[in-house]
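Note sheet for the following structure.
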Amino acid sequence: MRLSHGFIPTLKETPAEAQITSHRLMLRAGLVRQTSAGIYAWLPLGLRVLRNIERIVREEQDRSGAQEILMPTIQPAELWRESGRYDGYGKEMLRITDRHDRDMLYGPTNEEMVTDLFRQSIRSYRELPQILYHIQWKFRDEVRPRFGVMRGREFLMKDAYSFDLDHAGAVVSYRKMMLAYMRTFQRMGLKAIPMEADTGPIGGDLSHEFIILAPTGESQVYYDAAFEEIDYLANDAGGFSHDQPDDLARFFQMMTTHYAATDEKHDVARWDQLSADRKREGRGIEVGHIFYFGTKYTKAMGATVAGPDGKPVHPEMGSYGIGVSRLVGAVIEASHDDAGIIWPDSVAPFKAAILNLKTGDAACDALCERLYASLGGNALYDDRPDRAGAKFADADLMGHPWQLIVGPRGAAAGKVELKRRATGERVEVTPEEALGRIG
Ligand code: ATP
Ligand code: MG
37 MRLSHGFIPT
47 LKETPAEAQI
57 TSHRLMLRAG
67 LVRQTSAGIY
77 AWLPLGLRVL
87 RNIERIVREE
97 QDRSGAQEIL
107 MPTIQPAELW
117 RESGRYDGYG
127 KEMLRITDRH
137 DRDMLYGPTN
147 EEMVTDLFRQ
157 SIRSYRELPQ
167 ILYHIQWKFR
177 DEVRPRFGVM
187 RGREFLMKDA
197 YSFDLDHAGA
207 VVSYRKMMLA
217 YMRTFQRMGL
227 KAIPMEADTG
237 PIGGDLSHEF
247 IILAPTGESQ
257 VYYDAAFEEI
267 DYLANDAGGF
277 SHDQPDDLAR
287 FFQMMTTHYA
297 ATDEKHDVAR
307 WDQLSADRKR
317 EGRGIEVGHI
327 FYFGTKYTKA
337 MGATVAGPDG
347 KPVHPEMGSY
357 GIGVSRLVGA
367 VIEASHDDAG
377 IIWPDSVAPF
387 KAAILNLKTG
397 DAACDALCER
407 LYASLGGNAL
417 YDDRPDRAGA
427 KFADADLMGH
437 PWQLIVGPRG
447 AAAGKVELKR
457 RATGERVEVT
467 PEEALGRIG
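The numbers in this note's numbering rise by one with no breaks, and the one at position 361 of the sequence shown is 397.
Here it is in C-alpha cells:
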C-alpha cells in the first residue's frame, strides 16, 4: 500500500475521549473510528491486524480438531425461550422485531443456536465428540462501553461449542481447548495465564479465564509467580497432542498446579499457603474464557443422541470464547512504547514500512520502488512528499516490525538503513540483505 493514497488517518493530537493507551494508539494510528458508542469501523490498518489475529485463532482451532461453521448474527427469540434465557439475559440483549412482528435478536452468544443445529443433525453417540466454532460479530448492549474495542457493544468473537457423550469426554474437549488457547495467545506474542473463574450454578473447576496482565485491565487477579517464570509451551516440540488424552491431561495438570484465580473465584485459604515472595496480584485483561456446563442446554432444548445401549442421552457441552477484536487492543497494551505501537511480527498489518526520505529524488524513488515491488503486499510505502521527521514519527506510531529507510546518500551508495521497531537497532545494509532479514 502507498501511504500517499492509503486510508490511514493518523492523528497528531491525543484524542480526549480515550482513557487507555491502546485506545489512544488505535485512534492515533488510524486503525479504527467509532461510529456510535461502543461500535467501531475497522480501517485498512486495523482490519489487517484483526484478520491476522483471526487467522491465528482459526489455525489453532482447526489444529485442535474443531470444525468451522458460520452462524448468523440474527437469531429467533424462540430458541432463547426454549432455553429460558430470553427474559433472563436482560438489557444486554439487542431485541429486534421483524415486519411480521416476530421477535428476533442480535446474538450476544450462540449456545442455543448451535444446540439447535446439533439436535437437527447428530443422531448417535458414534458421531461424538463434535466441536463446532465460528468467528462472528456479537452484540451486547454493555452498560458502559469503554476502552475502545476492549469493551465494545459490537465485537468479534471466536466461540466454540463441544458436544460429548459423557463427562470424561467433555473434560478431554475442555483440555483440547485449553491447549489451543495457550498456543493461540503465544503466537500473538502474549503471555496469557489461565485463571480459575466462576462456574456459576454448575460448580466444579472447569471454568478458566485467560488473562493478559496489564495495569489498565478490568479484572483483579491473583496468581503464583511461577506463571512468570515457566514457559509452558517450551517443550512444545516434544509435543502435546490434541489426539492424546494423556498429553492433554499432562498439559492441564501443568497449567493448573499453580494458583491463579480471578477475583470472583479467589480462595484466600489457598492464597495464604503461598509464601509472600510468590504472591502476585494485579490487573488483567480477559482475552478468552472456557467453560464446561454439562447438559444445561441439551436438556432444556431436548437435544439427545442414541447412546451405546440405544437409549437417548443428553450430550455434555462446553463453550469456549476468544475476544478477537478485544485482542487487537490487548496486544497493543502488552506491546508499545512512548512513540507508538510495537507489533509482534505475527499480527503486524505490514511486515515493513519503506520510508522515502526524499520523494522526487530519482535514486531514492527508484530504490524504494524496487523494495516495494520485492515485498509485494507486505510493505507500506511512505511515498508522501512530507518531511523525514513526520515519516519517522508515523512509522514508529504505526509500529511496523521493520523500517526500511531510504535517503539520498544511502541510495547513491546502494544502501538502505534497516530499523527494527522493537529494539530501535539500526544497521546500514544492501537492499538484498535488508530484504533477506525481513524474510
Ligand atoms: P466480560 O467479563 O469481560 O464482560 P464475558 O464473561 O461477558 O466477559 P464471554 O461471554 O466469556 O465474556 O465472552 C468471551 C470473550 O469475548 C471474552 O473473554 C472477551 O475476550 C470477549 N468479550 C466479551 N465481552 C466483550 C465486549 N463487550 N467487547 C469486546 N470483547 C468482549
Ligand atoms: Mg460480559
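Just so you know, even glycine gets a beta-carbon here, dropped at the ideal spot from N, CA and C.
Listed in chain order, the non-local C-beta contacts of residue 89 below 7 Å within the same chain comprise 224, 360, 363, 364 and 383, local neighbours out to five positions each way being set aside. By the neighbour-count criterion, in which 16 or more other beta carbons inside 10 Å mark a residue as buried, residue 202 falls on the exposed side. Each residue's CA atom was taken as its position, placing residue 244 and residue 234 some 8 Å apart. Each residue's CA atom was taken as its position, placing residue 455 and residue 435 some 11 Å apart. Shortest Cα-Cα distance from residue 197 to any of 94, 99, 103 and 140 involves 103. According to DSSP, residue pairing for residue 348 in a beta bridge involves 342.
Contact between residue 326 and residue 217 holds: their C-beta atoms lie close to 7 Å from each other, under 8 Å. Of the residues assessed, residue 306 falls on the exposed side of the cut-off, its CB having fewer than 16 other CB atoms within 10 angstroms. Taken in chain order, the complete beta strand (DSSP E) segments of 3 or more residues contained in the segment 368 to 426 are 388 to 392 and 415 to 418. Note on residue 212: 16 or more other CB atoms within 10 angstroms of its CB, so buried under the neighbour-count rule. Excluding five sequence positions before and after residue 254, none of the CB atoms of its chain fall closer than 6 Å to its own CB. The C-beta separation of residue 109 from residue 433 comes to about 33 Å, leaving the pair out of contact by the 8 Å criterion. In this structure, the beta-carbon distance from residue 50 to residue 368 does not fall below 8 Å. Counting along the chain, residue 444 sits inside the alpha helix (DSSP H) bounded by residues 444 to 449.
Counting only runs of 4 or more residues that sit fully inside the segment 276 to 332, the alpha helix (DSSP H) segments are 281 to 292 and 304 to 308, in chain order.
In the three-state scheme derived from DSSP, where H, G and I count as helix and E and B as strand, residue 252 is classed as coil. Ranking 186, 170, 470 and 150 by CA distance to the CA of residue 74 puts 186 first. The segment 259 to 268 makes no contact with the segment 332 to 347: fewer than 3 CB pairs, one atom from each, lie closer than 8 Å. Taking C-alpha positions only, residue 385 is separated from residue 406 by approximately 21 Å. Residue 355 is bridged by DSSP to 197 and 327. Between the segment 91 to 98 and the segment 139 to 147 there are fewer than three inter-stretch CB-CB distances shorter than 8 Å, so the stretches are not counted as touching.
Relative to the ligand MG, the beta carbon of residue 176 is positioned inside 7 Å of a heavy atom. Of the residues 194, 342, 257 and 42, the one whose Cα lies closest to the Cα of residue 172 is 194. Ranked by Cα distance from residue 319, the first of 296, 168 and 475 is 296.
Assignment of residue 265 by DSSP, reduced to helix, strand and coil, places it in the helix class. If you ignore the 5 residues before and after residue 84, its C-beta comes within less than 6 Å of the C-beta of 385, all in its own chain and listed in chain order. At least one heavy atom of the ligand ATP is found less than 7 Å from the C-beta of residue 358. For residue 149, the closest of 105, 136, 160 and 376 by C-alpha to C-alpha distance is 105. If you draw a 10 Å sphere on the C-beta of residue 66, you find 16 or more other C-beta atoms in it, and that means buried. Look at residue 192 here: in three-state DSSP terms it is strand. Taking residue 161 as the centre and dropping the five residues before and after it, the same chain places the C-beta of 201, 341, 342, 343, 344 and 349 closer than 7 Å to its C-beta, in chain order. Judged by DSSP secondary structure, residue 152 falls within the alpha helix (DSSP H) whose first and last residues are 147 to 157.
Here residue 56 carries a coil assignment [DSSP, helix/strand/coil].
Set against 7 Å, the gap from the CB of residue 472 to the closest heavy atom of the ligand ATP is not smaller. Here DSSP, grouped into helix, strand and coil, assigns residue 176 to coil. Looking at 443, 310, 439 and 410, the one whose alpha-carbon comes closest to that of residue 423 is 443.
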